[in-house]
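S.K.: Here you go, one structure.
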Amino acid sequence: MRHVSRRLWLGSGLATCGYLAAVAWPVVNRPKPRLLPATPGPDWPQCVAARPDANPRGVPIPNGEKTYAVIFGKGDEVFAGLTNLLSVKKIGAGHFTGIGALSSATLGWFDAAHKAYRNIPISEQVELISLIGDLGLVSGAPQIHTHGAVGFPDGRVRGGHLLHAFVWPTLEVFFTALPQAW
0 MRHVSRRLWL GSGLATCGYL AAVAWPVVNR PKPRLLPATP GPDWPQCVAA
50 RPDANPRGVP IPNGEKTYAV IFGKGDEVFA GLTNLLSVKK IGAGHFTGIG
100 ALSSATLGWF DAAHKAYRNI PISEQVELIS LIGDLGLVSG APQIHTHGAV
150 GFPDGRVRGG HLLHAFVWPT LEVFFTALPQ AW
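Under numbering that gives the first Met the number 0, the first residue of the sequence shown is numbered 0, with each subsequent residue one higher.
Rendered as structure tokens:
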């Protein structure tokens, strides 16, 4: 087995990320990220990767599951893109994971005493170390539940319930749709 140095290994990974961000999924003339209400609404931006014309490809699995690779570009808001994917593909249940980078985000920590989330604002570019979540129906409407961990340039990490996030430069999400809602 050939030994690969950490520098070579990291360099090849960074080169791939740079290529994907700059060449494979270019997004031109994107508006700068703006703060939006915590609840998605009609004024939220559409995710380029989740638009019907972007055609996320599904991979059929024998048990009825289908996995979509959804690639977000600069300035996309994560929940707007996921919500649009669910609507376009008529998905009622599933789970997802993702990695990438963000320009800003708000994480939350649930304060049981106050029965509300306490915001953990992120106002600088960070690596999205882990994104994990699921989707189910609540009173017949899709409900996305997401947690994330972000890494800062100095190695600090913060995590919690993801309340909103803006992508920079890219985010890759793999969404597995389940055959029926739960």
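Even glycine gets a Cβ: it sits at the ideal position worked out from N, Cα and C.
Based on DSSP bridge pairs, tell me the residues matched to residue 137.
M.R.: 140
S.K.: Taking the CB atoms as reference points, tell me whether residue 107 and residue 159 lie closer together than 8 Å.
M.R.: yes
S.K.: In the DSSP assignment, the beta strand (DSSP E) including residue 159 goes from what residue to what residue?
M.R.: 156 to 176
S.K.: What are the start and end residues of the beta strand (DSSP E) that includes residue 65?
M.R.: 65 to 71
S.K.: Distance, Cα to Cα, residue 129 vs residue 90?
M.R.: 23 Å
S.K.: Please name the residue or residues paired with residue 109 in a DSSP beta bridge.
M.R.: Answer is 116.
S.K.: Hey, would you say residue 172 sits closer than 8 Å to residue 104, going by beta carbons?
M.R.: No; because the gap between Cβ atoms is not below 8 Å, this pair is not in contact.
S.K.: Looking at residue 119 and residue 155, is the spacing between their C-beta atoms short of 8 Å?
M.R.: no
S.K.: Return the first residue and the last residue of the alpha helix (DSSP H) that residue 88 is part of.
M.R.: 77 to 88 is the span of the alpha helix (DSSP H), which, as asked, contains residue 88.
S.K.: Using a Cβ-Cβ cutoff of less than 6 Å, which residues in the same chain neighbour residue 131 once the five nearest sequence positions on both sides are dropped?
M.R.: 96, 146
S.K.: What is the DSSP secondary structure of residue 151, reduced to helix, strand or coil?
M.R.: coil
S.K.: Can you tell me which residues form a DSSP beta bridge with residue 129?
M.R.: When DSSP reads this structure, residue 129 sits in a beta bridge with 148.
S.K.: Cα-Cα, which of 137, 116, 164, 113 is closest to residue 78?
M.R.: The option with the nearest alpha carbon to residue 78 is 164.
S.K.: Can you give the Cα-Cα distance for residue 137 and residue 144, rounded to whole angstroms?
M.R.: 11 Å
S.K.: If you compare alpha carbons, which of 102, 142, 162 is closest to residue 126?
M.R.: When only C-alpha atoms are compared, the closest one is 102.
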